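Going by numbering that gives the first Met the number 0, the sequence shown opens with residue 0, and the numbers climb by one from there.
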Amino acid sequence: MFQLAGLWMAAATFLGIWWGHVGVRWLEAHRVRVGPPAAVLSILGIALNLYALVAPNLTLAGVSSIVGITLLWDAFELFRQVKRVRAGHAPANPANPRHAAYLAAGGRATTVDLLDREPSGSPVHQGPYEGHTRPASHAGPQRQSAASTD
């Protein structure tokens, strides 16, 4: 007899992470307040984990717990996504009044989606240190590159 528990749990993990990435970005961009969706995700996550404690078989318990923990993490990530939008690390949605306020405030928020581009082999923008060098106080131990320069 085939043991399919691992296959179902792997599918739950993959689909949960995929939905979490896409869903958190979508919910944060389209909801004016992220608290209510975060509360719903938290309640669903807790409910699935409680169900996993009494599930009739190991596969159902594993899938329920994986999805439950993923939903709890997604609730936490909604608030982190708000910070990413404010910092300009994720695109702001001008149709969302909360995002419009970030854009109007003149901070670092942007409508540019840094993930929606063709790879160019160079950074999108420079970091806080010019030319990728760090000040001597942050340099740490120097290492020689093992790459050949021939």
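Backbone N, C-alpha and C fix where the C-beta goes; we use that ideal spot for every residue, glycine too. Just so we're clear, the structure is a prediction, and the values are computed from it rather than from any experiment.
Outcome for residue i when other beta-carbon atoms lying within 10 angstroms are tallied against a minimum of 16
{"i": "valine 53", "result": "exposed"}
{"i": "valine 111", "result": "exposed"}
{"i": "asparagine 92", "result": "buried"}
{"i": "valine 84", "result": "buried"}
{"i": "histidine 29", "result": "exposed"}
{"i": "serine 121", "result": "exposed"}
{"i": "serine 63", "result": "buried"}
{"i": "valine 23", "result": "buried"}
{"i": "glutamate 76", "result": "buried"}
Residue range of the alpha helix (DSSP H) that includes residue i
{"i": "asparagine 48", "result": "34-53"}
{"i": "valine 81", "result": "57-86"}
{"i": "arginine 154", "result": "An answer regarding residue 154 cannot be provided, because it is not within the stretch 0 to 149 covered by the chain."}
From the options, residue whose alpha carbon lies closest to that of residue i
{"i": "leucine 114", "options": "His88, Arg97 and Val66", "result": "His88"}
{"i": "arginine 107", "options": "Phe1, Ala86, Lys82 and Gly120", "result": "Ala86"}
{"i": "arginine 32", "options": "Gly120, Gln80 and Glu117", "result": "Gln80"}
Rounded distance between the beta-carbons of residue j and residue i, thought under 8 Å
{"i": "proline 90", "j": "threonine 109", "result": "7 Å"}
{"i": "methionine 8", "j": "isoleucine 65", "result": "6 Å"}
Which runs of the alpha helix (DSSP H), 4 residues or longer, sit entirely within the segment 3-38?
4-29
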